[in-house]
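Each residue of the sequence shown is one higher than the last, beginning at 1 in this note's numbering.
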Amino acid sequence: MEPVRILVVEDDKAVAAALRDMLVARSYGVVRAHTAAQALALFARTGPDLVLLDMGLPDLDGLQLCRTLRASSDVAIIAVTARSEEAARVTGLRAGADDYVVKPFSAPELVARIEAVLRRTRSLATPDVVQAAGVRLDLRDHRATVDGRPVELARKEFELLAALARRGGAVATRAELLEEVWQITWAGSSRTLDQHVAAVRRKLGRPGVIETVHGVGHRLGPP
Numbered sequence: 001m002e003p004v005r006i007l008v009v010e011d012d013k014a015v016a017a018a019l020r021d022m023l024v025a026r027s028y029g030v031v032r033a034h035t036a037a038q039a040l041a042l043f044a045r046t047g048p049d050l051v052l053l054d055m056g057l058p059d060l061d062g063l064q065l066c067r068t069l070r071a072s073s074d075v076a077i078i079a080v081t082a083r084s085e086e087a088a089r090v091t092g093l094r095a096g097a098d099d100y101v102v103k104p105f106s107a108p109e110l111v112a113r114i115e116a117v118l119r120r121t122r123s124l125a126t127p128d129v130v131q132a133a134g135v136r137l138d139l140r141d142h143r144a145t146v147d148g149r150p151v152e153l154a155r156k157e158f159e160l161l162a163a164l165a166r167r168g169g170a171v172a173t174r175a176e177l178l179e180e181v182w183q184i185t186w187a188g189s190s191r192t193l194d195q196h197v198a199a200v201r202r203k204l205g206r207p208g209v210i211e212t213v214h215g216v217g218h219r220l221g222p223p
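Structure (structure tokens):
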């Protein structure tokens, strides 16, 4: 599964670089544009899955760029701005944005919004079958195979593996996995998650399939 491609449109180069580093660390593919003209050229050339669009650009109003992109594409767009007023959010959404993020925001919040928007716009919401890194999961029947070999998994083990498989090679943070699989908030550490990761690795028979990204979380590795 190819990584999600994100076009970051941000005129502040330091902010753009920080966003790129944060997203690349989570296995997103990122290209950057600092002006609307650059954004339009990169959009046509790279065909991103999502545009992270700052509303304050030097050469064109961000709302107009949003309208221009929406007029020709169904690409996911998240508007980013320092303005928190309700009227500004409504205007951004009416211009064609799928979501609206107010600066300053945290990395977990932004990633959660990206995932939520992509589930809607790319119809990623729970396909019947998910495949990644040689693992095949039938989400309807709760069946798992590795290279065609059936693997018996407990319910939470299956849900953990499904959460990772849906992301392809992208990293899922510990907090995201705890919330998605167990509906609990991460309090700094969790033996539950570590124990389930160890159990899934053992049952798959290939410890390297689930990789640990130290300080971040986990992802499905290569076959």
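Virtual Cβ for every residue (Gly too), placed ideally from N, Cα, C.
Nonlocal neighbours in the same chain, by C-beta distance under 7 Å from V213, ignoring five residues either side: Numbered from 1 along the sequence shown, position 213 holds the residue referred to as residue 213. Here the set comprises V171, R219.
Within the region 1-68, ranges of the beta strand (DSSP E) (whole runs, at least 3 residues): 5-9, 29-33, 50-54
Euclidean distance between Cα positions of A125 and P58: Here residue 125 refers to the residue found at position 125 when the sequence shown is read from its first residue. Here residue 58 refers to the residue found at position 58 when the sequence shown is read from its first residue. For A125, the predicted structure reports a pLDDT of 45, less than 50, and the residue's modelled location is therefore unreliable. The matter cannot be settled from this model.
H291 in three-state terms, based on DSSP: Nothing in the structure corresponds to residue 291, since the chain is present only between 1 and 223.
Cβ pair V51, A36 closer than 9 Å: Position 51 of the sequence shown, counted from the first residue, corresponds to residue 51. Position 36 of the sequence shown, counted from the first residue, corresponds to residue 36. Contact: no.
Under the three-state DSSP convention, the category A172 falls into: The residue you call residue 172 lines up with position 172 of the sequence shown. A172: strand per DSSP, three-state reduction.
Nonlocal neighbours in the same chain, by C-beta distance under 7 Å from T173, ignoring five residues either side: What you label residue 173 is simply residue 173 of the sequence shown in a count that begins at 1. Taken in chain order, the residues that qualify are P108, V216, G217.
Three-state secondary structure assigned by DSSP to P150: Against the sequence shown, residue 150 aligns to sequence position 150. In the structure shown, P150 sits in a strand (DSSP, three-state: E or B).
Buried or exposed (CB count within 10 angstroms, at least 16 for buried), P48: Position 48 of the sequence shown, counting from 1, holds the residue named residue 48. The residue is buried, with at least 16 neighbouring Cβ atoms inside 10 Å.
Expected contact under 8 Å - CB spacing of V209 and R202 to nearest Å: On the sequence shown, residue 209 is found 209 positions in, with the first residue counted as 1. On the sequence shown, residue 202 is found 202 positions in, with the first residue counted as 1. The pair is not a contact, with the Cβ atoms about 11 Å apart (cut-off 8 Å).
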